[in-house]
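Numbering of the sequence shown is given in our numbering, commencing with residue 7 and proceeding in unit increments.
Here's the structure, in structure tokens; my notes come after.
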Amino acid sequence: MKSSPVTILIAFAIMVGVTGFFLGGLQSSLKLGQPGLKLVAEELFDENKKLAATNAVFLPPQVGQFNSTPLEVTRMELDWLPADTTYGRKRYTAPNQFVADVSVVLMGRDRTSIHKPQYCLTGQGFKIEQTERDRLVISKPQPYELPVMKLTTRKLLLHEGQRIEAVGIYVYWFVSEDQLTEDHLTRMWWMARDMVQTGTLKRWAYVTVFSLCHPGQERATYDRMKAFITEAVPAFQTTAGINSALQGTSNPALARLP
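This is the structure we're talking about:
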């Protein structure tokens with residue numbers, strides 16, 4: 007006898023609920039992992055210039071010819087995300103005025119700091135038109151491929167009283183002390199697996215790089231973003247992927263910088 011769709015849905019919901027309950031009870035006894043990013047004592051502020059945090063994920067003051075300025079952590083984030091969340095925020099501007107905004111959200115013991123990236127974009131009024139996976143070659147500490155997800159988005163913006171269409175290129179990935187992935191579901195599976203198998207709650211972070219451009223400039227904008235990311239990542243990320251020369255071998259380990 008075949009199970010009805012409703013029966014299958016109910017069974018799945020029960021399974022998810024039981025799993026969540028089990029992991030929630032397990033979480034308090036877990037060892038907290040190390041971040042895969044550098045941390046620094048640095049003040050961050052909200053949009054009202056009020057002190058939001060005294061510790062941050064390190065982001066370099068300069069990347070190549072890009073100079074940086076601080077970006078605020080919004081009060082909505084501070085109110086909604088767990089208190090043990092750590093942030094990193096900077097806007098990087100090149101001499102030709104090309105801009106890349108970098109944001110990092112690092113979880114503590116509360117797993118709800120990290121969520122599906124698409125929720126934030128659609129909540130800000132962006133329409134996601136295309137989702138693509140890519141691999142960016144990072145040269146340090148050894149050549150490796152960084153897995154990223156690229157979202158092409160559109161939004162109507164108000165500029166000098168006129169509505170203009172802007173394209174947003176949004177690149178993101180997730181990193182723990184020894185893992186890299188561009189996939190949200192993969193990250194969740196790895197986190198649950200590690201909690202059960204090793205008794206460790208990996209301290210995952212969500213890194214994003216965002217740039218706006220005019221329609222038709224998507225490819226050129228993404229090329230600039232890739233060049234920026236490949237130069238910036240070694241300065242703040244301590245987890246590196248498999249050496250490109252070892253790809254295809256039986257060694258799946260990731261390298262961790264000192």
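A virtual CB, placed ideally from N, CA and C, is assigned to each residue, including glycine.
**Request:** Please report the Cβ distance between V63 and T92, rounded to the nearest whole angstrom; I am assuming they are in contact, meaning their Cβ atoms lie under 8 Å.
**Result:** A Cβ-Cβ separation of about 6 Å places V63 in contact with T92 under the 8 Å criterion.
**Asked** Buried or exposed: where does S182 fall if 16 or more other Cβ atoms within 10 Å of its Cβ makes it buried?
**Response** Result: buried.
**Message:** With a threshold of 8 Å, are at least 3 pairs of Cβ atoms found where one atom belongs to the segment 60-75 and the other to the segment 179-196?
**Reply:** Too few Cβ pairs lie closer than 8 Å, so no.
**Endpoints, the beta strand (DSSP E) within which F216 is located** = Looking at the DSSP string, the run of the beta strand (DSSP E) that includes F216 is A211 to C219.
**Asked** Is the distance from the Cβ of T159 to the Cβ of E135 below 8 Å?
**Response** Yes. Within cutoff.
**Asked** Using the C-alpha atoms, what's the distance from M113 back to T80?
**Response** Looking at the two C-alpha atoms, the distance is approximately 17 Å.
**Request:** Taking S217 and A106 to be in contact with their CB atoms under 8 Å, please state how far apart those CB atoms are, rounded to whole angstroms.
**Result:** S217 to A106, Cβ: 5 Å. Contact.
**Prompt:** From T206 to P101, what distance separates their C-alpha atoms?
**Reply:** Approximately 44 Å, taken between the alpha carbons.
**Which residues DSSP lists as bridging E171, in chain order** = Paired residue(s): L162.
**Asked** To which residues of the same chain is G247 closer than 7 Å at the C-beta, ignoring the five residues directly before and after it?
**Response** Y150, E151, L152, L186 and L260, listed in sequence order.
**Prompt:** At which residues does the alpha helix (DSSP H) containing G129 begin and terminate?
**Reply:** Start and end: P123 to G129.
**Message:** Closer than 8 Å is the cut-off here; do at least three beta carbon pairs connect the segment 135-146 with the segment 231-246?
**Reply:** Touching, yes, given that three or more Cβ pairs across the two stretches are closer than 8 Å.
**Item:** Backbone secondary structure at S145 - three-state DSSP
**Value:** In the structure shown, S145 sits in coil (DSSP, three-state: anything other than H, G, I, E or B).
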